[in-house]
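This report refers to the structure that appears directly beneath it.
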Amino acid sequence: MDGQNSYRAGPDDKGRFGHYGGRFVAETLMPLILDLEAAYKAAQSDPAFEAELVDLQTHYVGRPSPLYFAERLTEHYGGAKIYLKRDELNHTGSHKINNCLGQILLARRMGKTRIIAETGAGQHGVAVATAAARFGLPCTVFMGATDIERQKPNVFRMKLLGADIRPVTSGAGTLKDAMNEALRDWVTHVDNTFYIIGTVAGPHPYPAMVRDFQSIIGKEVRSQMMEREGRLPDSLVACIGGGSNAMGLFHPFLDDSDIRVIGVEAGGLGLSTPDHAASLAGGTPGVLHGNRTYLLQDDDGQIIEGHSISAGLDYPGIGPEHAFLRDVGRVEYVSATDREALDAFQLITRLEGIIPALEPSHALAHVGKIAPGLPSDHLLVMNMCGRGDKDVFSVADHLGVSL
Amino acid sequence: MSARETRLDRKFAELAAEGQKAFVAFITAGDPTPDISASILSGLPAAGADIIELGMPFTDPMADGPAIQAASQRALKAGQTLEKTLDMVRNFRRGDDKTPIVLMGYYNPVFIYGVDSFIEDAVAAGIDGLIIVDLPPEEDDELCLPAMAGGLNFIRLATPTTDDKRLPDVLANTSGFVYYVSITGITGSAAPDADHVSQSVARIKRHTELPVAVGFGIRTPEQAGTIAAVADGAVVGSALVDVIRETIDDANTPDTACTERVLALASDLAAGVHNKG
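Protein chains in written order, with my numbering: chain A, 1 to 403; chain B, 1 to 277.
What follows is the structure, given as structure tokens:
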């Protein structure tokens, strides 16, 4: 498929994926957004940019990440053949580094001398702080005060890497508020500052740019699966907060219409309660953080805080391309609860010797729901987008174990 | 520009004829409570406010500093909604049909209200213009063009990053006045530099005949006077909102003290603007 019939054609020149996306930012930021768009376009057609990025991906990050056949998990569920894309083995422990290196190279091309970022679980913050250390740029990370409390190991890692951590106490002190504060900092330091957004959200060109940098996940899966099985996978499963790891896995496969694509949102305490972070299942379209997308909000258009056991998923919005893919029906969006994620976390740790982050544990929980009903020649790929070291303390807490 | 003359057009013409500048006072609708906010609103014209900018509370005010963020939170906690903000203006209009009122805020509450019904209800309530922070010219189809067609002024923010190349696009669908954001930053930040503001206003005026009001970072009557002297008006928000916060920090303060103290500052600011005008 190509042109208008492709699910991969977006965004248009206004940064829209169907109705979603756009550039809903203050005038102060608008000239910067336009500069960024032009710089990104120029970088995309510059072989030197690509070469530098590939070199870092190979020798600094450790790509390609393995596509691992999870034999015991497959046996346990007794259905689909389950493969894990091991992006948790990347340097810094998650897929976030894929995007950070792309954006920091762009920041350097644009002559920016200071990096800012928001972070929820701290995985993006650690990846940004790592990239900033690697290139010798000062870095400020905005993080909700609530998240700082529940992600202490990552906070300390960022400090070791030289980042300045700014606790955000406005709102509920979580990811959404950290993003507000990063935008406020950016608008105040427009001259020298580059804002590395961690997910496929924000004003155009961020959703497309972050997706492009993360698409290496799906591209590798295509060739790795061809090599292993001689054909493409039958289904793809990934967790979704803002949706960057999922978009990275899904995007290269969107026009392969036989492939079933499933995004798993954070169901928190359950979709029938107010305590979840499933923007697509429980939200409505609105405008926040520079783009139109599905949001958790009340009938006055006020944003509601999401809840999830995972600090990386409790964002009240979702990337605009996911909103588009939901409406056109190309991707199925489902959810898994805190409890289901916690069970999946323990299961895979015991069965495969892999301690996952709580974020992909949601994806795994859904794999557990569908795999038993699928035939044994069904090839299922789940994105293991982060490792669980950072979650060990909060999991102990949830399991009633004191360390 | 709108075809028909609006309260904003009349007000600026009237001030210009008197050799005066506009004092634009900002408060957040519903802060600290709907009742006190309504009493502040009704007292502002007598205190010397030429134009009132009424903030529509939003949970995520990305261009605002701590003072106005907190004002939004107080108002929302007290139950303010966009519908109540429109009611508040409707009630105000029963006693004042002259003072222009401009709603300022973020797009999402308007989008959720419904653009067409919002425009209709805003016009019916007696609102004159809109300042929507997160709608740059690139998104004019969303609200700017329908609002102007419906008879509302759409007031655009121009900033230090809006260069000469971009300025014509920013001014193209602007009416009522141009709001020059004197600093790159959020509301309530550092005070602007008068020379810089003067040059910027002159630059904007090379591209438009609209009046230019200047805001962000103006706190005292002296600053307001200095800035107004080099523009057509000065906007003060965070300083007024800070007075509300101070009065409610003291749990025993009666409601009237809040209104009185905000209006007293408004009156000082108005004197600062008008004496230098």
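Glycine is no exception: its CB is placed at the ideal position from the N, C-alpha and C atoms.
As the structure is a computational prediction, the values presented were derived from the model and not from experiment.
Taking 7 Å as the CB-CB limit, is A/ALA26 close to chain B?
The residue given as residue 26 of chain A occupies position 26 in the first sequence. Taking Cβ atoms only, chain B reaches closer than 7 Å to A/ALA26, which makes this a yes.
CA-CA distance, A/VAL328 and B/ASP193?
Position 328 of the first sequence, counted from the start, is the residue given in the question as residue 328 of chain A. Position 193 of the second sequence, counted from the start, is the residue given in the question as residue 193 of chain B. Going from the Cα of A/VAL328 to the Cα of B/ASP193 covers about 51 Å.
Please identify, using Cβ separations under 9 Å, the residues of the region 138-168 of chain A that lie next to chain B, in order along the chain.
none
Between which residues of its own chain and A/GLY242 is the CB-CB distance below 8 Å, once the five residues before and five after are set aside?
As a first step, residue 242 of chain A must be located in the first sequence, where it is residue number 242. Excluding sequence neighbours, A/GLY242 sits near GLY198, THR199, VAL200, ALA201, TYR315, GLY317, ILE318 and GLY319.
Quick one: grab the DSSP three-state call for A/LYS14.
Residue 14 of chain A sits at position 14 when you count from the first residue of the first sequence. Correct three-state label for A/LYS14: coil.
Thinking C-beta only, is A/VAL141 closer than 7 Å to A/THR113?
As a working note, residue 113 of chain A is residue 113 in the first sequence. As a working note, residue 141 of chain A is residue 141 in the first sequence. Contact flag unset, no.
List, from N- to C-terminal side, the beta strand (DSSP E) runs of 3 residues or more that fit wholly inside the region 8-68 of chain A.
20-24
Quick check for students: name the residue ranges of the alpha helix (DSSP H) that lie wholly in the region 244-283 of chain A, counting only runs of 4 or more.
244-250 and 279-282
Counting only beta-carbon atoms, is A/ILE183 nearer than 7 Å to chain B?
Within the first sequence, the letter at position 183 stands for residue 183 of chain A. The sequence given here places Leu at residue 183 of chain A; Ile does not occur at that position. Residue-level contact check: A/LEU183 touches chain B, since one or more beta carbons of chain B fall below 7 Å from its beta carbon.
Output yes if chain B places a C-beta closer than 7 Å to the C-beta of A/MET225; else output no.
One-based indexing of the first sequence puts residue 225 of chain A at position 225. No, no contact with chain B.
Considering only the beta carbon of each residue, do A/LYS81 and A/ASN383 sit closer than 7 Å?
Here the question's residue 81 of chain A lines up with position 81 in the first sequence. Here the question's residue 383 of chain A lines up with position 383 in the first sequence. No, the Cβ-Cβ distance between A/LYS81 and A/ASN383 is not below 7 Å.
Tell me whether the region 257-266 of chain A and the region 223-242 of chain A touch, counting them as touching only if at least three CB pairs, one residue from each stretch, are closer than 8 Å.
Contact holds: three or more Cβ-Cβ distances are below 8 Å.
Counting contacts by CB-CB distance shorter than 7 Å, is B/MET104 in contact with chain A?
One-based indexing of the second sequence puts residue 104 of chain B at position 104. Taking Cβ atoms only, chain A never reaches closer than 7 Å to B/MET104, which makes this a no.
For B/PRO61, which residues in the same chain have their Cβ closer than 7 Å to its Cβ, ignoring the five residues on either side in sequence?
Counted from its first residue, the second sequence places residue 61 of chain B at position 61. Taken in chain order, the residues that qualify are ILE68, GLN69, SER72 and TYR106.
Which residue comes first and which comes last in the beta strand (DSSP E) that contains A/ARG114?
Within the first sequence, the letter at position 114 stands for residue 114 of chain A. Here the beta strand (DSSP E) through A/ARG114 covers 114-119.
Member of B/ASP31, B/ASP195, B/ALA202 and B/ILE227 whose CA lies at the smallest distance from the CA of B/GLY79:
Residue 79 of chain B sits at position 79 when you count from the first residue of the second sequence. Among B/ASP31, B/ASP195, B/ALA202 and B/ILE227, the Cα nearest to that of B/GLY79 is on B/ASP31.
Give me the chain B residues within the contact set of A/LYS14, using Cβ-Cβ distance strictly less than 8 Å, ordered along the chain.
Sequence index remark: in the first sequence, residue 14 of chain A carries index 14 (1-based). By Cβ distance, chain B contributes GLU138.
Distance check for B/LEU76 and A/PHE49, CA to CA, integer angstroms please.
Residue 49 of chain A sits at position 49 when you count from the first residue of the first sequence. Residue 76 of chain B sits at position 76 when you count from the first residue of the second sequence. For A/PHE49 and B/LEU76, the distance between alpha carbons rounds to 47 Å.
Assigned secondary structure, B/MET56 (DSSP; H/G/I helix, E/B strand, else coil)
Taking the first residue of the second sequence as 1, we reach residue 56 of chain B at position 56. Reduced to three states, the DSSP call for B/MET56 is coil.
Who are the near neighbours of B/GLU53 in its chain, counting only those whose CB is closer than 6 Å to its CB and skipping five residues on each side?
For the purposes of this step, residue 53 of chain B is taken as residue 53 along the second sequence, with counting starting at 1. VAL24, PHE26, VAL102 and MET104, listed in sequence order.
Contact under 7 Å by Cβ, B/LEU15 with A/GLU27:
Position 15 of the second sequence, counted from the first residue, corresponds to residue 15 of chain B. Position 27 of the first sequence, counted from the first residue, corresponds to residue 27 of chain A. No, they are not a contact pair.
Determine, using beta-carbon pairs with one atom in the region 151-162 of chain A and one in the region 119-130 of chain A, whether at least three such pairs fall under 8 Å.
yes
CA nearest to the CA of B/THR162, picked from A/GLY388, A/LEU29 and A/HIS59
Here residue 162 of chain B refers to the residue found at position 162 when the second sequence is read from its first residue. Checking every option, the nearest Cα to that of B/THR162 belongs to A/LEU29.
Using 8 Å as the Cβ pair cut-off and three pairs as the minimum, do the region 341-357 of chain A and the region 55-65 of chain A touch?
As far as the Cβ criterion goes, the region 341-357 of chain A does not touch the region 55-65 of chain A, which means the pair count is below three.
Contact with chain A by B/ASP242, beta-carbon distance below 7 Å
Position 242 of the second sequence holds residue 242 of chain B. For B/ASP242, no CB of chain A lies under 7 Å from its own CB, so it is not counted at the interface with that chain.
Does the Cβ-Cβ distance between B/ASP121 and B/LEU86 come in under 7 Å?
Looking up residue 121 of chain B in the second sequence gives position 121. Looking up residue 86 of chain B in the second sequence gives position 86. Contact: yes.
CB A/SER308 to CB A/ALA277, shorter than 7 Å?
Taking the first residue of the first sequence as 1, we reach residue 308 of chain A at position 308. Taking the first residue of the first sequence as 1, we reach residue 277 of chain A at position 277. Yes, they are a contact pair.
Where does A/GLY286 fall in DSSP's three states?
Walking along the first sequence from the start, residue 286 of chain A turns up at place 286. Strand, per DSSP.
Measuring only the C-alpha atoms, how far is A/ALA107 from B/THR33?
As a first step, residue 107 of chain A is located in the first sequence; it is residue number 107 there, counting from the start. As a first step, residue 33 of chain B is located in the second sequence; it is residue number 33 there, counting from the start. Roughly 45 Å separates the two Cα atoms.
Among residues of its own chain, excluding the 5 on either side of A/TYR7, which ones have a beta-carbon nearer than 8 Å to its beta-carbon?
As a working mapping, residue 7 of chain A is identified with position 7 in the first sequence. MET1, LEU254, ASP255, LEU325, VAL328 and ARG330, listed in sequence order.
Would B/GLY272 and B/GLY225 be called neighbours here (beta carbons separated by less than 7 Å)?
One-based indexing of the second sequence puts residue 272 of chain B at position 272. One-based indexing of the second sequence puts residue 225 of chain B at position 225. Yes.
At least 3 beta-carbon pairs within less than 8 Å: the region 136-152 of chain A vs the region 86-98 of chain A:
no
The region 37-69 of chain B: which residues have C-beta closer than 9 Å to a C-beta of chain A, in chain order?
Under the 9 Å Cβ criterion, the region 37-69 of chain B contributes PRO57, PHE58, THR59, ASP60, PRO61, MET62, ALA63, ASP64, GLY65, PRO66 and GLN69.
For B/PHE154, which residues does DSSP report across the bridge?
Indexing the second sequence from 1 puts residue 154 of chain B at position 154. B/LEU130.
Any alpha helix (DSSP H) of 4 or more consecutive residues that is wholly inside the region 28-56 of chain B
34-47
Would DSSP call B/GLY188 helix, strand or coil?
Position 188 of the second sequence, counted from the start, is the residue given in the question as residue 188 of chain B. Under the three-state reduction of DSSP output, B/GLY188 falls in the coil class, being neither helix nor strand.
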